[in-house]
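J.: Under the UniProt record's numbering, think of the first position of the sequence shown as 1, with each following residue one higher. A single structure is presented below for examination.
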Amino acid sequence: MSSSVNKNDKNCKKFNRYFKIISISFCLMIVISSLYVILKETMVVGYNSRFIETDTKEHLCEEILLEDFNKHSDLAGFHIFQSEIEKKIAFLEEQLDIIKSLETQNLERIRIAEEEKLTTILTHLIKLPEDEYDAKEADNMINRISKIDYVLLEALYHKGVTIHLTNTNVTGLKEFAHLRGKVPRGWEELGKTWDDVVGVGGRNVAAKIGYSNPGTHHDCINLELHEIGHSVDYKVLNYISHQELFENIFQEEAALMFTNPYFFKYPDEYFAESFAYYYFSEETRQQLKEKAPKTYEFMKALPLLMGGNS
């Protein structure tokens, strides 16, 4: 009985010892597992943090400025991006230079073409004397005529108008021979006839070379432009100076623009002289704009009226 108890006591003590060993081992396993989890969670490899804290020796490693690294990394990427943009900008600028060059060339071609068109129209429109004449003064007259809007010059050509630059008074031309001995309108008290006149406009135009400026033979700001104004009125725009729209403007502004009764007594004379003021120079155009703004706008719009008077 006692030996049996002793044996049981020994077995019990042995069991208790094993149990303690197992328990301690189990606890150690739990502790080790927990430490592993904690250690794993505390290993920080922060891409955006300032330091890397890693390792199992529980002290800080070498300080690495990841934030600066990130910055340098972004900057490197930016430089690559910037380089690509600069290449594209350089390419676009090169293309723009090419376009500008082509545009300049095209504008030059257009200018040359327009000059050729103008020269062709003027060649068809203007007839010079067959005998000797003042070439320099004739060139000046042609240059002033060339300032008239091309649309109007072309319309004069298509209407069959000829501009005679002549060495004689108007009745020296066969086109105006029928006016010999007759008194022009408004000249009744002057004792003169068409034989004394140096310019005329209408179905055709005549302007004596060397008599462009106002003087003893006429009071127009410019002889050839005034007479061409008559032809634009009569032949191109179907006597627009006698139509209600212009007559209203004439009544309102003629006396404000001119002091010469000849120009504010007759609507067609007012039209022709206003036309001459519009095309003679920037200074005379400005005078027309300031003194007779509606007339100025009317003259400015003449090329736009061609559609209804072709």
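Backbone N, C-alpha and C define an ideal beta-carbon position, used for all residues, glycine too.
#1: Taking residue 150 as the reference, give the member of 198, 279, 203, 210 with the closest Cα.
#2: Measuring only the C-alpha atoms, how far is residue 140 from residue 128?
#3: Report the residue from 235, 167, 146 whose alpha carbon sits nearest the alpha carbon of residue 135.
#4: Return the CA-CA distance between residue 225 and residue 260, expressed in angstroms with no decimal places.
#5: What is the rounded straight-line gap between the Cα of residue 50 and the Cα of residue 92?
#6: My output table needs one value for residue 193: the three-state DSSP class, helix, strand or coil.
#7: Which residues share a DSSP beta bridge with residue 318?
#8: Any idea what DSSP makes of residue 163, helix, strand or coil?
#9: Under 8 Å: do the stretch 237-252 and the stretch 193-202 share three or more Cβ pairs, one atom per stretch?
#10: Assign residue 96 to buried or exposed, taking buried as 16 or more other Cβ atoms, counted over all protein chains shown, within 10 Å of its Cβ.
#11: Could you give the C-beta distance for residue 138 and residue 176, rounded to a whole number, given that I count them as a contact under 8 Å?
#12: Just the Cα atoms here: how many angstroms apart are residue 185 and residue 218?
#13: Have a look at residue 298 and residue 265 and give me their C-alpha separation to the nearest angstrom.
#14: Within 10 Å of its beta-carbon, does residue 229 have 16 or more other beta-carbons around it, so buried, or fewer, so exposed?
#15: Residue 212 and residue 222 - do their beta-carbons sit closer together than 8 Å?
#16: Could you name the residues of the same chain whose beta carbon sits closer than 6 Å to that of residue 234, not counting the 5 residues immediately before and after it, in chain order?
#17: As a quick exercise: from 254, 306, 161, pick the residue whose alpha carbon is nearest that of residue 291.
#18: Could you check which residue in 303, 295, 306, 262 has the C-alpha nearest to that of residue 189?
T.: Considering the structure as presented:
#1: Nearest option by C-alpha distance: 279.
#2: Those two C-alpha atoms are separated by around 13 Å.
#3: It is 167.
#4: Cα to Cα, the separation comes out at about 18 Å.
#5: Note that residue 50 scores 40 on pLDDT, short of 50, meaning its location in the model is unreliable; the coordinates nonetheless yield the value given after this. So the two alpha carbons sit approximately 42 Å from each other.
#6: When DSSP states are grouped into helix, strand and coil, residue 193 belongs to the coil group.
#7: With the chain represented from 1 up to 310, any question about residue 318 goes unanswered, as that position is not in the structure.
#8: In the structure shown, residue 163 falls within a strand segment according to DSSP collapsed to helix, strand and coil.
#9: Below 8 Å, too few C-beta pairs join the stretch 237-252 and the stretch 193-202 to call them touching: fewer than three.
#10: Counting the other CB atoms within 10 Å of its CB gives residue 96 a total below 16, which places it among the exposed residues.
#11: Contact doesn't hold; Cβ gap of about 19 Å is too wide.
#12: Roughly 14 Å between the two C-alpha positions.
#13: The C-alpha of residue 265 is placed about 19 Å away from the C-alpha of residue 298.
#14: Buried, since its Cβ has 16 or more Cβ neighbours within 10 Å.
#15: In this structure, residue 212 lies closer than 8 Å to residue 222 by Cβ.
#16: Hits under 6 Å: 202.
#17: Minimum Cα-Cα distance from residue 291 among the listed residues 254, 306, 161 corresponds to 254.
#18: Minimum Cα distance to residue 189 is reached at 262.
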